[in-house]
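Worksheet: the structure to be examined is printed underneath.
There are 4 protein chains.
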Amino acid sequence: MTVTHHPAPATAPRTGLWLIGARGSVATTALAGAAAVAAGLHPPTGMVTETAPFDAAALPPLDSLVLGGHDTASVPLPKRAETLAAAGVLPHGLPTALRAELAAAEERIRPGAGPEDPRGTEELIAGYAADLAAFARAHGLARTVVVNVASTEPAADAGAPLPPSSLYAAAALRADCGYVNFTPSTGLRHPRLADAARTASVPHAGRDGKTGQTLLRSVLAPMFAQRALTVRAWSGSNLLGGGDGAALADPAAAAAKNAGKARVLADTLGAVPEGEVHIDDVPAMGEWKTAWDHVAFDGFLGSRMILQTIWQGCDSALAAPLVLDLARLVARCHERGLAGPVDGLGFFFKDPDSGPADLSAQWMALLELAGRLAADGAPPGGGGGARNDDASPAARDGR
Amino acid sequence: MTVTHHPAPATAPRTGLWLIGARGSVATTALAGAAAVAAGLHPPTGMVTETAPFDAAALPPLDSLVLGGHDTASVPLPKRAETLAAAGVLPHGLPTALRAELAAAEERIRPGAGPEDPRGTEELIAGYAADLAAFARAHGLARTVVVNVASTEPAADAGAPLPPSSLYAAAALRADCGYVNFTPSTGLRHPRLADAARTASVPHAGRDGKTGQTLLRSVLAPMFAQRALTVRAWSGSNLLGGGDGAALADPAAAAAKNAGKARVLADTLGAVPEGEVHIDDVPAMGEWKTAWDHVAFDGFLGSRMILQTIWQGCDSALAAPLVLDLARLVARCHERGLAGPVDGLGFFFKDPDSGPADLSAQWMALLELAGRLAADGAPPGGGGGARNDDASPAARDGR
Amino acid sequence: MTVTHHPAPATAPRTGLWLIGARGSVATTALAGAAAVAAGLHPPTGMVTETAPFDAAALPPLDSLVLGGHDTASVPLPKRAETLAAAGVLPHGLPTALRAELAAAEERIRPGAGPEDPRGTEELIAGYAADLAAFARAHGLARTVVVNVASTEPAADAGAPLPPSSLYAAAALRADCGYVNFTPSTGLRHPRLADAARTASVPHAGRDGKTGQTLLRSVLAPMFAQRALTVRAWSGSNLLGGGDGAALADPAAAAAKNAGKARVLADTLGAVPEGEVHIDDVPAMGEWKTAWDHVAFDGFLGSRMILQTIWQGCDSALAAPLVLDLARLVARCHERGLAGPVDGLGFFFKDPDSGPADLSAQWMALLELAGRLAADGAPPGGGGGARNDDASPAARDGR
Amino acid sequence: MTVTHHPAPATAPRTGLWLIGARGSVATTALAGAAAVAAGLHPPTGMVTETAPFDAAALPPLDSLVLGGHDTASVPLPKRAETLAAAGVLPHGLPTALRAELAAAEERIRPGAGPEDPRGTEELIAGYAADLAAFARAHGLARTVVVNVASTEPAADAGAPLPPSSLYAAAALRADCGYVNFTPSTGLRHPRLADAARTASVPHAGRDGKTGQTLLRSVLAPMFAQRALTVRAWSGSNLLGGGDGAALADPAAAAAKNAGKARVLADTLGAVPEGEVHIDDVPAMGEWKTAWDHVAFDGFLGSRMILQTIWQGCDSALAAPLVLDLARLVARCHERGLAGPVDGLGFFFKDPDSGPADLSAQWMALLELAGRLAADGAPPGGGGGARNDDASPAARDGR
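Residue numbers (our numbering), protein chains in the order written: chain A, 604 to 1002; chain H, 604 to 1002; chain X, 604 to 1002; chain U, 604 to 1002.
This is the structure in structure tokens:
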């Protein structure tokens, strides 16, 4: 296990993780979790970069991360953490144990611009970039990765001003920071940012973290394809509360999210089957989510069969470790001089910049990236990257 | 699509497919399905070997297969086919459309030995081998593959006489036939057959076709492992009628089957989680099966999450196309001179002779085998075997 | 069992059952089923009026029913029956066995008015009433019950002309026929028909047959209420193909249907919990329907619990026997001189004219009605109507 | 609402609630919950006797209950409560808030006899009865109800000595205490206690609290029967951790529990359908339980349909309020002079002493009992007991 549970030596470079939506559920969970895992209070369950295949990738240690961010919300981090503990997302007692860390991070949050802000596009980008530069200076950071975990915004109209997610993305590039869009919002995918994204001198990745229903689809759809079973209809319903439920009750926001969900089926099945996906705001669900999928498929001689799945998870707890994974990977890419869209990160996204939609193919691509990131350029695990060998997650320490 | 829908030219070699349990549901469905697909009455849904990656593998055409077999049951094939049509497994009208083929196949079935048969082990093996030789002679077969699809027998006691499945397996080797064990029964895995299996001059493969719950597990378990999510308990219940339900109501037979189911979890998760698997005989289910799985797993910071799956399928319709796939692949291995346990067929089995337990890794291994089988030794699809390229099932004709 | 399996004696009065939507799935299944059960080809599974509590209610025998109806569709009944058999709704072979009955019924179907029909409201009502009178004359019917089983129409605008369902309803009253609205369409519930409905000289009942998800809700919601468990959210998704799926894909039609679904929760829980209901048109489902319900409820000390239900059924097969039940009950009400909305039929409807929403209370009310209908006015079962006595369905013949 | 949230007046009689298994999950939850609800910290969710129909039944107020009990376990109540709070059964903070109450109750627990206890049957009964008498004296109790909530014991052999549950039951009768058996253990159902149970001068009730899967079955099975739908197979799987999971992993204990589960189907369907029930010990589930049910049923013309239910609950949180309900009801029965098995409590039990198996019929019987218990003998709600009137739970205060 690469977590050392000790402060990084004074000479170790420090890496910034700047969260857009820094007082939200995902950011709070990421922050509390990074501190808790670094302190040895909890095992790194759910963190892909803490498994054996990444041992040699020279990723920044968890305890070298410094977290800050922008937010338009005003509930302070320590209070937000208490709310998450009451909802069962964070362990009881953790907000108290991490009181100092939460308060320190709260000090590092800068206000985002609300809808009434009089500043124009250029002013806003410049202001955000200045915030990022100040953050790096104040904490002596070797580099910073900006990760968007803010509420999903409605699908952008190409003619309108840049949406907030795109302003933050542009600021990241301007401030020479890596960038990750963990939401379905536009971010770097705006037509007016296409050139900047392609020619960026920093690495970036997106879009829309793959945490539940689509994660499942990315292993089930290839199974149907490989077995030559014809999927006739794939229908889904998602029930979720929290801020995400309310945000996605906006049909425009849901449309952005559903586009990502459909892509995995189109790419792996060769065609989009019948069926819709619903996202319902159910405040009584709190931070928990239930996703039901119903797959009607044909077998031999037209026999009709059905697979149903029910996924009951906590989105913040699923997303937070992946946010940490992505920040570490993109920071290391930056350190190794990679720039532009990073190949090999589709494993984390519903709607990746490139690459296959099949989770296992994405996993292989991620392992290749880990190999490229290794200090000596050797494949991960120090050997041939053989999948059922020491590159397997099952082989990681402590399993 | 390699199916020609025309009789093979007179000069084409014919391949025998000899089914142990030739009057059972799987065998009847395989026989009716092979005829229906070869005649162009139905698309080859569920047949892996009819997808694009196998186009160049030079497998025996479906209409070059001649089916026969052993059985101890006496209900003739045409009547069994009618029963399956009434149960919704075969399309209505198909038994009538294939009356001639079913009657011809019925003529090629030889009686298996019942429990009261006075013959000893050696006599039985010799008798079965003679049946195989006669079958080849009568139909001018280039080669024959024996596939066991008989009801699961109780786990064998090493000290006892060879169980029936092992007698048939030994006969296959003696008659120089390829052999596939599609059931959890002992077959070639008997200690007294270990040497013969290892040094066989013919290819063989097993054990226990992966058609439903375990197929799902072989894609879901790697997902949990790759995402570093800790599976705490994996519990399952299977409800099935038909002959299989009754056979598996015998705890000894269920034990054989459950061993295979557990293996996929152990191999992919690194440890067997808590949880049991039940197999219930529910005659009201007829030929249909429902499998419920409940996976309790931990996410970040110990958050508790649950995945449930419900699979409703028809085992015969799932198994039959795979039986045809295996027969074609093993026959081609035989033709190419491969002998002993065939690498690359784990994709089809719960308890494969070798190789990974993860379905996507098994798929890659199967594609490699397809490449080795190609007439010119080139990789499948005529190119680099790139997974998201023309080797993808989504790229196959007609999708 | 009251079914005699013999033609009614020549002197027995004949009862007409006039179906609006007579060539649809429900009507075709009702017609084929009535003939099949009357002929002894199938047991009366799903027919409430064939259970013991109705033995003494003097309902018209199944074989005394004469079926006819209106439809705007042109696919003839025998062909429609073949389609339903291919879809697994009707048993294979039944359309052939009932060829004569289907052809005869087809002759008794009259065209309904399409949207382009130039006739005005009064003309249409008069025309439909004339069709009903001609039907009664031609077959010597003692009385006729009109049952609406046509596709759901969009919710009516009070200012607009009467919608088709209301025209047929008005025609039924004018022709002195009993009337049942088995759909969520307006029917007699139009404000301009309120007086006519209240003062009708014939019995009528509605609205929206309760066949699946709402049936379940009408027993589950009372359970939560009686156990003092607080339902926080009740969410549902329905996947259905057939004509019904397409009709309900129209949001206006879905709104009519969902109003009925919500009512059962409001009435039994005392408040409508959070949660939406989706109805998806999934043509691949054919005549089959899947309904998933997710109920989040609180237990003692605020503990969070969840109940999920998955109902997989065939709407036509669920609706058809209830249509026959209602026709027989309303015909007998007519014979006994009951007029206006019939108390005691809420058991069959999502949105009944009156009475409780709890299925068991509706069942008690239905048993009371059966008692009132008995020839001698005595309660059903010849005794005190005690629920766990001989009035129990479990006590009916042959169970 | 009858809860006053104030201490009972000094002159109010106090009622004892003596729990067999007083340090277990159910008992601890009941104790903490009674205190929390009486103090106004939580609403009485899940307590049937706190709904409107019981307003006039003159039940002992919650804050007049004094809890004590026997247990062979040694983990003290305050520590057990902490464990339950960590598992999410009790709200965080509640054990601290109720520290004084928990400590006081811990003082009132007496040791039960372990398997090595040298005392004979008569000595044990006398000792337990003496404990009950001392409890009543010490706290000035008007009367006491003994409730068995101990782990399920293996099915008793009629020839063997009385099992522990029967010893405690006999002691209750001897000490003139009401008795409730909330478990599937033998209790008063032992042949050698049959005479004592029948001629008891105190009221008693049992057996096996109905909290989850069987509760559902008791509303679903009547639905199938009333709709004349033929249930062909009813299969179930239960996954549970905690002490109950381990106890029920013993096949003999499971047999006792499953007998109760089967009874509700036999009584309401008229016959026991195919299908098994499994109870799996899954320690990872902690205090939570998942029950999956699969019901295969036939509709009209033999169409095959399926209902599945998934119940995810916490048994302690479901059982505890019912334990308080039963204690209050049986205490009031005792006060009113009722003796022997109490009619009208089948609502609470899987395997009731008498009465119907259908939940709604049981609810009607319970309402009748509530009427008999009212101070003036009038029906509940002060009126005709009309079900959809003011006797409805939906009409209770505050809902």
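Backbone N, C-alpha and C define an ideal beta-carbon position, used for all residues, glycine too.
Since the model is a prediction, treat every value here as computed from it, not as a measurement.
Which residue from the options puts its Cα closest to that of residue i?
| i | options | result |
| --- | --- | --- |
| Ala800(A) | Gly943(A), Asp918(A), Leu620(A) and His881(A) | Gly943(A) |
| Val805(H) | Leu832(H), Leu823(H) and Ala774(H) | Ala774(H) |
| Met665(A) | Thr618(A), Glu710(A) and Asp961(A) | First, the residue type needs correcting, since residue 665(A) is Leu and not Met in the sequence shown. Comparing Cα positions, the closest option is Thr618(A). |
| Ile623(X) | Leu921(X), Val752(X) and Ala741(X) | Val752(X) |
| Glu709(X) | Ala887(X), Thr675(X), Gly730(X) and Gly844(X) | Thr675(X) |
| Arg683(A) | Ala874(A), Val880(A) and Ala635(A) | Ala635(A) |
| Ala763(U) | Thr789(U), His807(U) and Asp798(U) | Thr789(U) |
| Ala707(U) | Gly671(U), His695(U), Leu693(U) and Thr699(U) | Gly671(U) |
| Ala642(H) | Thr817(H), Ala700(H) and Thr686(H) | Ala700(H) |
| Gly949(H) | Ala968(H), Leu932(H), Ile909(H) and His881(H) | Ala968(H) |
| Pro854(A) | Val875(A), His742(A) and Ile882(A) | Ile882(A) |
| Asp870(U) | Asp954(U), Thr912(U), Trp914(U) and Ala736(U) | Asp954(U) |
Grab the span of the alpha helix (DSSP H) containing residue i for me, first residue to last.
| i | result |
| --- | --- |
| Met826(A) | Gln816 to Gln829 |
| Thr893(X) | Segment Trp891 to Asp901 is the beta strand (DSSP E) holding Thr893(X); no alpha helix (DSSP H) there. |
| Val933(H) | Asp918 to Glu938 |
| Leu718(A) | Reading off the sequence shown, one finds Pro at residue 718(A), where the question assumed Leu. First-last for Pro718(A): undefined, no H or E at that position. |
| Leu735(A) | Thr724 to His742 |
| Ser838(X) | Per DSSP, Ser838(X) belongs to no alpha helix (DSSP H); it is in the beta strand (DSSP E), Thr833 to Leu843. |
| Arg810(X) | Premise fails: Arg810(X) is in no alpha helix (DSSP H) and is neither H nor E. |
| Ser769(U) | Pro767 to Arg777 |
| Thr755(H) | Here Thr755(H) belongs to no alpha helix (DSSP H), and DSSP marks it neither H nor E. |
| Arg683(X) | Leu680 to Ala689 |
| Leu697(X) | Leu697 to Ala700 |
Would you mind reading off the limits of the beta strand (DSSP E) that contains residue i?
| i | result |
| --- | --- |
| Ala803(A) | Segment: none, Ala803(A) is in no beta strand (DSSP E) and carries neither H nor E. |
| Asp760(A) | That residue, Asp760(A), is in no beta strand (DSSP E); it is neither H nor E in DSSP. |
| Gly781(H) | Gly781 to Asn784 |
| Asp883(X) | Val880 to Asp884 |
message: When you compare the stretch 887–894 of chain A with the stretch 888–900 of chain H, are there three or more beta-carbon pairs, one atom per stretch, that lie closer than 8 Å?
response: no
query: Which residue spans inside the stretch 953–979 of chain X form an unbroken alpha helix (DSSP H) run of at least 4?
result: 962–976
message: For the stretch 916–934 of chain X against the stretch 779–786 of chain X, do three or more pairs of beta-carbon atoms, one drawn from each stretch, fall closer than 8 Å, so that the two count as touching?
response: yes
- request: May I have a chain-ordered list of the alpha helix (DSSP H) segments no shorter than 4 residues that lie completely inside the stretch 613–671 of chain X?
  value: 628–641
message: Using 8 Å as the cut-off, can you tell me whether the stretch 699–719 of chain X makes contact with the stretch 646–659 of chain X, which would need three or more C-beta pairs spanning the two stretches below that distance?
response: no
task: Answer yes if the stretch 835–847 of chain U comes into contact with the stretch 961–978 of chain U, meaning at least three C-beta pairs across the two stretches below 8 Å, and no otherwise.
output: no
query: Are there three or more Cβ pairs, one per stretch, closer than 8 Å when the stretch 656–672 of chain U is compared with the stretch 963–973 of chain U?
result: yes
- prompt: In chain order, what residues of the stretch 673–695 of chain A put their CB closer than 8 Å to some CB of chain U?
  reply: Ala689, Gly691 and His695
- prompt: Does the stretch 906–922 of chain A come close enough to the stretch 930–939 of chain A to have 3 or more Cβ pairs within less than 8 Å?
  reply: no
Any 3 or more C-beta pairs closer than 8 Å across the stretch 822–831 of chain X and the stretch 955–963 of chain X: yes
message: If the cut-off is 7 Å on Cβ atoms, which residues from the stretch 876–908 of chain U count as contacting chain H, listed in chain order?
response: Glu877, Gly878, Glu879, His881, Asp883, Val885, Pro886, Ala887, Met888, Thr893, Trp895, His897 and Ala899
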